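Novice:
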Amino acid sequence: MVDERMFHETRSRIDEKVHGLKQENNAEAIQPILEFNQIPTEIKAQLDEYIIGQEEGKKVLSTAIAFHYKRLGTAIKKELAENGGDVEKALKNTNTPKANILIVGPSGCGKTYTSETASNLVGVPFITQDMTKFTEAGYVGQDTSTILSDLLIAANGNPLLAQMGIVYLDEIDKITSSPSIGRDVSGRGVQNGLLKIVEGVDNYVDMGGEKVNISTKHVLFIASGAYENLDLIVKNRMQRQGIDSGERWEDYLLTSDMVNYGMERQLMGRFPVRVVYNPLTSQNLVDIMRESKNSPLHAYTDDFKVWGIDLDVKPGALEIIADYAELEGTGARGLTSIFNRVLLDDMFKLPGTYEGTLEINKEYVEARLKK
Ligand SMILES: Nc1ncnc2c1ncn2[C@@H]1O[C@H](COP(=O)(O)OP(=O)(O)OP(=O)(O)O)[C@@H](O)[C@H]1O
Ligand SMILES: [Mg+2]
């Protein structure tokens, strides 16, 4: 009940926001997608600047996204050339096969981050939807309208761009239909509703007093989940089939394993591109601090610099932070809070009272984390 009221309140806020958007029915904004020409290796190379490790994940995502937009752009241009009309009509009349992506992997290892970064690089709207909030098939209309209006907001009110965005479905492993996994059969209803959304649904969204039609037909879906213990299902099957136990289970993941886990076969058929992300090792975590464009170390270094303080990080210090983060089990997500714990005293004391170098060595880190 409370949930429903909250839903309606959020809903009306979102509707208000969409309503306030000015329609940017500007075909120019989608020219870059029509002319899409990035190649997978280029996208991957750009992802490398942000995402550390997950080589297979970056390769799979770059390839799937490059092919999706190249195929879509080409098909729309062909439709325009052959049958004339505008892009809106071409979007409706174009039917291209979609290869949606399923990412399996533990918390904080870069699933969302890779997807969002890749969307930014390609220049398409990106939204995330939490699958635990999805309702059963009967209410699928609400879920659809949330997705459509979120896409429109992410596309700055451009319906054409909105229909070419990426929707990231988080925690898809929480809608399994197998009672043994801890959820009742209603998961099946949610999955069936989702199936329709992934294949393509359309509806009217009220924007600036005008009703615009938005469809998910050309939207690329990326679903992700931790799928705890999925490896046991795959390894058991591998054993039954006499596959060498030294082989990586990740390379043998089949639709039937996902079905055994509680996913509907039909839904999995819509997610033919699959990749398993690894838990980040403590070396990965050190590299994230040193090399990622999004490194918390770089962020804190810049913060201190503004106060005239130069962080001087000595060998061994980052390794201790990485070991702590690894223990927390939240992947790279733990790094910022650990940095904050380590630096808090000096962030409090030093600004305005000291300028110069602040040496961060192993002992400094250890002393603060032991507290
Ligand atoms: N491989 C990585 N390289 C660089 N930074 C990373 C990496 N993985 C995670 N991060 C950092 O950690 C944050 C959290 O990662 P992300 O949101 O991708 O987690 P996730 O895999 O989606 O986990 P969850 O299942 O909990 O949502 C990112 O915003 C990013 O700053
Ligand atoms: Mg995530």
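Residue numbers (numbering that gives the first Met the number 0): 0 to 370. Glycine is no exception: its CB is placed at the ideal position from the N, C-alpha and C atoms. Quick caveat, the model's predicted, so the values are computed rather than measured.
Is any heavy atom of ligand 1 found at a distance shorter than 7 angstroms from the C-beta of S214?
Specialist: no
Novice: Based on Cα-Cα distance, which residue from L168, N36, G351 lies nearest to G122?
Specialist: N36
Novice: Report whether the distance from the Cβ of K195 to the nearest heavy atom of ligand 1 is below 7 angstroms.
Specialist: no
Novice: Between which residues of its own chain and Q53 is the CB-CB distance below 6 angstroms, once the five residues before and five after are set aside?
Specialist: G109, Y276
Novice: Whole alpha helix (DSSP H) runs in the segment 188-245 with 4 or more residues, listed along the chain?
Specialist: Those alpha helix (DSSP H) runs which fall completely within the segment 188-245 and span 4+ residues are 229-239.
Novice: Let me know the secondary structure DSSP gives D309 once reduced to three states.
Specialist: strand
Novice: Can R367 be considered in contact with ligand 1, in the sense that its beta carbon sits closer than 7 angstroms to one or more heavy atoms?
Specialist: no
Novice: Sorted by chain position, which residues of the same chain lie with C-beta nearer than 6 angstroms to G72's C-beta, five sequence neighbours on each side aside?
Specialist: I32, L33, F35
Novice: Measure the beta-carbon distance from L168 to R273 and round it to whole angstroms, keeping in mind my assumption that it falls under 8 angstroms.
Specialist: With 8 angstroms as the limit, L168 and R273 do not qualify as a contact, their Cβ atoms being about 14 angstroms apart.
Novice: For S118, which residues of its own chain have a beta-carbon under 7 angstroms away from its beta-carbon, when the five flanking residues on both sides are left out?
Specialist: F125, I165
Novice: Given 7 angstroms as the limit, tell me if K69 has its C-beta closer than that to any heavy atom belonging to ligand 2.
Specialist: no
Novice: For E249, which option in Y323, K292, N92, L231 has the closest C-alpha, if you only look at C-alpha atoms?
Specialist: L231
Novice: Short of 8 angstroms in beta carbon distance, which residues of its chain neighbour D14, apart from the five on each side in sequence? Order them along the chain.
Specialist: S148, D205.
Novice: Could you give the first and the last residue of the continuous alpha helix (DSSP H) run that contains V121?
Specialist: Taken as a continuous stretch (DSSP letters only), the alpha helix (DSSP H) holding V121 covers 110-121.
Novice: With a CB to CB cut of under 8 angstroms and the five nearest residues on each side skipped, what residues in its chain are close to K210?
Specialist: Y203, V204
Novice: For ligand 2, I want to know if S144 counts as a neighbour, meaning its beta carbon is within less than 7 angstroms of at least one of the ligand's heavy atoms.
Specialist: no
Novice: At the level of alpha carbons, what is the spacing between D309 and G351?
Specialist: If you draw a straight line from the Cα of D309 to the Cα of G351, it comes to about 14 angstroms.
Novice: Since T40 is in the alpha helix (DSSP H), which residue starts that stretch and which ends it?
Specialist: Looking at the DSSP string, the run of the alpha helix (DSSP H) that includes T40 is 39-47.
Novice: Going by the CB atoms, is the gap between L90 and L193 shorter than 8 angstroms?
Specialist: no
Novice: What number of angstroms, rounded off, separates the C-alpha of S114 from the C-alpha of K43?
Specialist: 12 angstroms
Novice: So for I75, helix, strand or coil by DSSP?
Specialist: helix
Novice: Please classify L253 as buried or exposed, where buried requires at least 16 other C-beta atoms within 10 Å of its C-beta.
Specialist: It is exposed - the Cβ of L253 has fewer than 16 other Cβ atoms within 10 Å.
Novice: Please determine, among D201, N283, I38, E170, the residue with the shortest C-alpha to C-alpha distance to I51.
Specialist: Nearest to I51 by alpha-carbon distance, out of D201, N283, I38, E170, is N283.
Novice: When every heavy atom of ligand 1 is checked, does at least one fall within less than 7 angstroms of the C-beta of T111?
Specialist: Taking the Cβ of T111 as the reference point, at least one heavy atom of ligand 1 falls within a distance shorter than 7 angstroms.
Novice: Are there 16 or more other CB atoms within 10 angstroms of the CB of V305, so buried, or fewer, so exposed?
Specialist: By the C-beta density criterion, V305 is exposed, having fewer than 16 other C-beta atoms within 10 angstroms.
Novice: DSSP state of D169, grouped into three classes?
Specialist: strand
Novice: In this structure, how does DSSP classify E27 when only helix, strand and coil are distinguished?
Specialist: helix
Novice: Suppose the cutoff is 8 angstroms on Cβ atoms and the five residues either side in sequence are ignored; what does the same chain contact list for A98 look like?
Specialist: Contacts found: A63, F66, H67, P271, V272.
Novice: Output the distance between the C-alpha atoms of T329 and S106, rounded to the nearest integer angstrom.
Specialist: 6 angstroms
Novice: Nearest to I359 by alpha carbon, out of D311, Y353, N339, T127?
Specialist: D311
Novice: Is S106 near ligand 1 - that is, is its Cβ less than 7 angstroms away from at least one heavy atom of it?
Specialist: yes
Novice: I need the straight-line Cα distance from M130 to T175, nearest angstrom please.
Specialist: 11 angstroms
Novice: Per DSSP, what are the beta-bridge partners of R273 in this structure?
Specialist: L101
Novice: Report the residue from F303, E354, K313 whose alpha carbon sits nearest the alpha carbon of L343.
Specialist: The shortest Cα separation from L343 among F303, E354, K313 belongs to F303.
Novice: Please say whether S281 and A321 have beta carbons closer to each other than 8 angstroms?
Specialist: yes
Novice: What residue from V197, K57, L279, K77 has the CA that sits closest to A331's CA?
Specialist: L279
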